[in-house]
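Numbering (my numbering), first residue to last: 1335 to 1855. All C-beta atoms in this analysis are idealised placements derived from N, C-alpha and C, irrespective of residue type, glycine included. Below you'll find the structure, written out as structure tokens, and then a few comments.
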């Protein structure tokens, strides 16, 4: 804010029409004003030092010298001049205002506040004082108080207009934002862009998009603003608008890989899967070393059971990125979907070697071994991994699955699921398996609690819904049991059990970074 002080203060001085170098015949004070308006601080300071030495009680000259020193970055010397003026006349408000502003810039908020409030006692409509009091309140997150001050300093508030806007959002005055942010000139690229960020953070995505659009139109490098404008449209649910905008951007030469990747989401949301494929293929061609483009492409192939295309993309990606943990993991999953378990094992093992700290390769290996009938090996390896990494919810979950399938004592499996639920309470599958075990052991009430959580977290989990329906039936609640069973029918999945391939895809999504979910220490 200090760097914006001079425009505030020099506005009080009349604009001098002569050239700054030509002060012959002009009063020294007027010449100093002209020098300051041209940013020639050393020359202005030299002139004003002479003037104040000759007239030490000249309040206007002392004040102007303080402004010049502030502009030159020497706030302490500037404050000495403002204090000198106040010693001569304690009621000289310009010097008190400027001193307070400098105190704020120096981090002395308490002294600044006292001075600015004194200014308002004598001049209640002083806009500079209101703006800086707004800044002091903003820093300590007193948004309502800050907004009130900003409003009273409206004609001076532009340098901190985004703070004003943030206060309006924080105090629930979203409807007033248009008038405030609408004051930003279209060519002010920086503030247009920052306004878009502010609205995006507030969840006002569709309102944010035009600000990024205006920033893009006037930016030297429009790429970032173009991406953010498209992103806001997608987050706001205007998928058709995002697609139309991206087409315009591509035509304008803004066809960067990340934009093609982004618009693929809009194509998917509008059911245009082939166009999503095409967009992501273009992204991989534009940036063949960018892992995300391959991973996102493969994800769509998995969701649409297009395993052959997914394998093609995985192979292309691994030619460019042979040591990619994610691509080996995804290719293993694609192979597993085709029943090529042994080949899948190879990719999962490679992923585990490339990133030994990650749990997901071991989870996938556990699935592969169980599909092959080697549940004992799965249990042995997973038990060792859980012992070495007890805070990983997915490893604990997978150990429980392996123990159940191997016919081991259910107490250990129950403990594994309990650990998974504790480590990540939002992991629906652990709740579902815990509920299933409890139901089998006759603990119907506790089973219902876990199964209801599982269904709430994942409404499309037909297995959990089926188990919950059975639990309601055993409790004698026929109505809710029928409701759950109807849900199962609607989902076209009435079998008791888990499709391993579907479970693999689910866990890939859930656990790209399983260590993010740990018990709070």
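Each residue's CA atom was taken as its position, placing residue 1736 and residue 1555 some 54 Å apart. The C-alpha of residue 1603 lies about 14 Å from the C-alpha of residue 1613. A residue is called buried once 16 or more other Cβ atoms fall within 10 Å of its Cβ, and residue 1436 is buried on that count. Annotated three-state conformation of residue 1531 is helix, per DSSP. Using a Cβ distance threshold of 7 Å, residue 1541 and residue 1533 count as a contacting pair.
Around the CB of residue 1460, 16 or more other CB atoms lie within 10 Å, so the residue is classed as buried. The alpha-carbon separation between residue 1406 and residue 1482 amounts to approximately 32 Å. Segment contact: the segment 1391-1399 against the segment 1410-1428, three or more CB-CB distances shorter than 8 Å; contact assigned. Inclusion of residue 1545 and residue 1526 in the CB contact set at 7 Å is warranted, their separation being smaller than that value.
Cα atoms of residue 1458 and residue 1610: separation of roughly 60 Å, rounded to the nearest angstrom. Going by DSSP, residue 1704 is part of the alpha helix (DSSP H) stretching over 1694-1705. A direct Cα-to-Cα measurement between residue 1376 and residue 1411 gives close to 13 Å. Under the criterion of beta carbons closer than 8 Å, residue 1512 and residue 1466 do not qualify as touching, at roughly 26 Å. Taking a cut-off of 8 Å on C-beta distances, the segment 1751-1761 does not touch the segment 1707-1714, as fewer than three cross pairs fall below it. CA-CA distance, residue 1360 to residue 1401, rounds to 20 Å. Residue 1685 is a Cβ neighbour of residue 1663, given a cutoff of 7 Å. Its Cα nearest to that of residue 1640, the residue 1607 stands out among 1515, 1623, 1655, 1607. The alpha-carbon separation between residue 1757 and residue 1770 amounts to approximately 19 Å.
Around the beta carbon of residue 1816, a 10 Å sphere encloses fewer than 16 other beta carbons of the protein chains shown; the residue is thus reported as exposed. Straight across, the Cα-Cα distance linking residue 1670 with residue 1477 is about 55 Å. If you draw a straight line from the Cα of residue 1634 to the Cα of residue 1524, it comes to about 36 Å. Note that the C-beta distance between residue 1622 and residue 1590 is not below 7 Å. Distances from the CA of residue 1710 to each of 1439, 1807, 1357, 1732 were compared; the closest alpha carbon is that of 1732.
The C-alpha of residue 1647 lies about 10 Å from the C-alpha of residue 1627.
Collapsing the DSSP output to three states places residue 1655 in coil.
With a cutoff of 7 Å on beta-carbon distance, residue 1443 and residue 1470 are scored as near each other. DSSP, reduced to helix, strand and coil, places residue 1491 outside both helices and strands of the structure shown, so it counts as coil. Contact annotation, residue 1799 with residue 1821: C-beta distance approximately 5 Å; criterion of less than 8 Å satisfied. Residue 1631 sits away from residue 1600, with the two beta carbons spaced by 7 Å or more.
Here residue 1424 is exposed. Its C-beta has fewer than 16 other C-beta atoms within 10 Å. Straight-line measurement puts the Cα of residue 1530 at about 12 Å from the Cα of residue 1560. 1432 is the residue among 1445, 1432, 1495, 1738 whose C-alpha sits nearest the C-alpha of residue 1409. Cβ neighbours of residue 1502 within its own chain (closer than 8 Å, five residues either side excluded): 1481, 1508, 1510, 1511, 1514. Within a 10 Å sphere around the beta-carbon of residue 1404 sit 16 or more other beta-carbons, which makes this residue buried.
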